[in-house]
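Residue numbers (the UniProt record's numbering): 1 to 183.
Idealized CB from N, CA, C, for every residue including glycine.
So, in structure tokens, the structure goes:
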């Protein structure tokens, strides 16, 4: 298991790794605020992607096996169910695939439930980092995918400086979003 015994390659000799004696980071309100801000960002950007969208957009088929927007939303709900289960320290309850007209409501309800779970429980930093690198990053990727599909659908989303967007922690519902009207 240790490196070679040849003295000419002493730099290859392995040093046993010692286990850290440092305590694991404790849950903090700031960790939860970052997670909740990320959820609000997802809500804002998704609302922007779906605003002024037509029901036909939800069924838009760009070809080549790319998921339709309502299928992407269902997948996002499924991914989010893993996030919620991790926060609540329970088994995953996967959402039921609903008709396309209910996919948006299903996702936002699950996003709100996740935000609510974070208001009542502080998440450890290690868990928060795993949520960010896994399901939350995946959802941001799919929001970008929906934005691209809007462009392919010939209804691109309006440009915006997202650093100035009115993203508010706890504001998840699409009807409560204050979308910018221009750059």
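- From the listed residues 64, 61, 62, 95, the smallest Cα separation to residue 77 is found for 95.
- Taking C-beta atoms as the reference points, residue 111 and residue 34 fail to come closer than 8 Å.
- In this structure, DSSP gives residue 147 a helical state, which the three-state scheme calls helix.
- Residue 163 and residue 45 have their C-alpha atoms roughly 12 Å apart.
- With 16 or more other Cβ atoms from the protein chains shown falling within 10 Å of its own Cβ, residue 47 counts as buried.
- No residue range can be given for residue 157, since it is assigned to no alpha helix (DSSP H) and is classified by DSSP as neither H nor E.
- Annotation: the continuous alpha helix (DSSP H) that includes residue 76 extends over 69–88.
- When the Cα atoms are used, residue 161 and residue 168 turn out to be separated by approximately 15 Å.
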